[in-house]
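Residue numbers (the numbering used here), protein chains in the order written: chain E, 1 to 111; chain F, 1 to 115.
Positions of the beta carbon are idealized from the N, C-alpha and C atoms, including for glycine.
Report on the structure given below.
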Amino acid sequence: GQSLEQPSEVTAVEGAIVQINCTYQTSGFYGLSWYQQHDGGAPTFLSYNGLDGLEETGRFSSFLSRSDSYGYLLLQELQMKDSASYFCAVRGRSNDYKLSFGAGTTVTVRA
Amino acid sequence: GAGVSQSPSNKVTEKGKDVELRCDPISGHTALYWYRQRLGQGLEFLIYFQGNSAPDKSGLPSDRFSAERTGESVSTLTIQRTQQEDSAVYLCASSFQGTQNSPLHFGNGTRLTVT
């Protein structure tokens, strides 16, 4: 099976940078994804890392190190609208399309 | 285009009753997932459908839970003899082909309350 660990809460001020770490233990590994969920809303896809390294999408970046079973999501130039829960998720094998999610990190942005 | 549609958005039921939740995936998406999310918690995988393949039911918590999908369209999740512990938001998602990096597109969920 898969297990993922991420911090439960992070608080930061507008304009700051936040890094959300995710460590995982899986029987196999086939990619790390990140999803954002605003309170009461549907989760939405943010990024995917299949290979080691950094993926950048605007203010958000995601990093993966497969040898360390570790990844992170970097939120830059924080805005109030970034207040949400962020989930890392993994697939265990190439033929296993089940996506296993972490418990989520609640990010609170203060003025 | 239209996103994933779930109905009802809210459902209140008495303990012991059966409930049926519906999901309309994005047209053309062959993969369909059901997840459960308890208040303040992560997403718990329930079941996955991909095309005509046998569904992955490994996440269904008990035999009171079942799901069906007609072809590559609508899916229904049925919970029989509901219990208070079933209270949660049930999220449906679909993806194109279910490949490794196909993002999941989620509906807004059905909030189930068992009294």
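Mind listing, in chain order, the continuous beta strand (DSSP E) runs of no fewer than 3 residues lying wholly within the segment 15 to 40 of chain F?
-> 19 to 24 and 31 to 37
With 8 Å as the threshold, decide whether the Cβ of Ala103/E is near any Cβ in chain A.
-> Within the model displayed, chain A is absent; protein chains E and F are what it includes.
Distance CB(Cys92/F)-CB(Val19/F) smaller than 8 Å = Here residue 92/F is taken as the residue at index 92 of the second sequence, counted from 1. Here residue 19/F is taken as the residue at index 19 of the second sequence, counted from 1. Contact flag unset, no.
For Gln36/E, which residues does DSSP report across the bridge?
-> The residue you call residue 36/E lines up with position 36 of the first sequence. Beta-bridge pairing links Gln36/E to Thr44/E and Tyr86/E.
Give the single residue among Ala111/E, Gly104/E and Arg93/E whose Cα lies nearest to the Cα of Thr26/E.
-> Working through the first sequence from its first residue, we reach residue 26/E at position 26. Among Ala111/E, Gly104/E and Arg93/E, the Cα nearest to that of Thr26/E belongs to Arg93/E.
Looking at the unbroken beta strand (DSSP E) that takes in Gly53/E, where does it start and where does it end?
-> As a working mapping, residue 53/E is identified with position 53 in the first sequence. Start and end: Gly53 to Thr57.
Taking 8 Å as the CB-CB cut-off, is Gln50/F touching chain E?
-> Taking the second sequence and counting its residues from 1, one reaches residue 50/F at position 50. Judged by the 8 Å Cβ criterion, Gln50/F is in contact with chain E.
Relative to the alpha-carbon of Trp34/E, which residue among Val109/E, Phe63/E and Asp96/E has its alpha-carbon at the smallest distance?
-> Here residue 34/E is taken as the residue at index 34 of the first sequence, counted from 1. Answer by Cα proximity: Phe63/E.
Pairing CB atoms from the segment 50 to 60 of chain E with CB atoms from the segment 6 to 19 of chain F, are three or more of them under 8 Å?
-> no
8 Å Cβ cutoff, Gly58/E in contact with chain F | Your numbering for residue 58/E matches position 58 in the first sequence. So no, Gly58/E is outside the interface.
Going along the chain, which residues of its own chain have a beta-carbon closer than 7 Å to the beta-carbon of Glu77/E, five neighbours each way excluded?
-> For the purposes of this step, residue 77/E is taken as the residue at position 77 of the first sequence. If we look at Glu77/E and ignore the five residues flanking it on each side, its Cβ neighbours are Gly15 and Arg59.
How big is the Cα-Cα spacing for Tyr97/E and Arg91/E?
-> Sequence index remark: in the first sequence, residue 97/E carries index 97 (1-based). Sequence index remark: in the first sequence, residue 91/E carries index 91 (1-based). Going by the C-alpha atoms only, they are around 6 Å apart.
Kindly list the residues whose CB is nearer than 6 Å to the CB of Phe49/F, restricted to its own chain and excluding five residues on each side of it in sequence; keep chain order.
-> By one-based count along the second sequence, residue 49/F stands at place 49. Closer than 6 Å at the Cβ level, and outside the excluded window around Phe49/F, lie Leu32, Pro55 and Arg69.
Indicate whether at least one CB of chain F lies closer than 8 Å to the CB of Tyr135/E.
-> Since the first residue shown for chain E is 1 and the last is 111, residue 135/E is missing from the structure and cannot be characterised.
Any idea if Ala111/E is buried or exposed, counting beta-carbon neighbours within 10 angstroms, 16 or more meaning buried?
-> On the first sequence, residue 111/E is found 111 positions in, with the first residue counted as 1. Per the 10 Å Cβ criterion, exposed.
List the whole-angstrom C-beta distance separating Ser83/E from Thr105/E, where the pair is believed to meet the contact cut-off of C-beta under 8 Å.
-> As a working mapping, residue 83/E is identified with position 83 in the first sequence. As a working mapping, residue 105/E is identified with position 105 in the first sequence. About 12 Å; that fails the 8 Å criterion.
Enclosing beta strand (DSSP E) for Ser5/F [first to last residue] | Residue 5/F sits at position 5 when you count from the first residue of the second sequence. It spans Ser5 to Ser7 - the beta strand (DSSP E) in which Ser5/F sits, taken as one unbroken run.
Would you mind telling me which residues of chain E sit closer than 9 Å to Asp56/F, beta carbon to beta carbon, in chain order?
-> Within the second sequence, residue 56/F is the residue found at index 56, counting from 1. Correct list: Asp96, Tyr97 and Lys98.
Using a Cβ-Cβ cut-off of 7 Å (strictly less than) and excluding sequence neighbours within five positions of Lys57/F, which residues of its own chain qualify?
-> As a first step, residue 57/F must be located in the second sequence, where it is residue number 57. Closer than 7 Å at the Cβ level, and outside the excluded window around Lys57/F, lie Ile47.
Kindly indicate which residue of Gln79/E, Met80/E, Lys81/E and Cys88/E has the alpha-carbon position closest to the one of Tyr72/E.
-> Residue 72/E sits at position 72 when you count from the first residue of the first sequence. Residue Cys88/E is the option with its Cα nearest to Tyr72/E.
Is Gln119/F helix, strand or coil when you go by DSSP?
-> For chain F, the structure presents residues 1 to 115; residue 119/F sits outside this window and is missing.
For Thr82/F, is the classification buried or exposed, using 16 other Cβ atoms within 10 angstroms of its Cβ as the cut-off for buried?
-> On the second sequence, position 82 is the one that residue 82/F refers to. The residue in question, Thr82/F, is buried, as its Cβ has 16 or more Cβ neighbours within 10 Å.
Residue range of the beta strand (DSSP E) that includes Phe96/F = Within the second sequence, the letter at position 96 stands for residue 96/F. First-last for Phe96/F: undefined, no H or E at that position.
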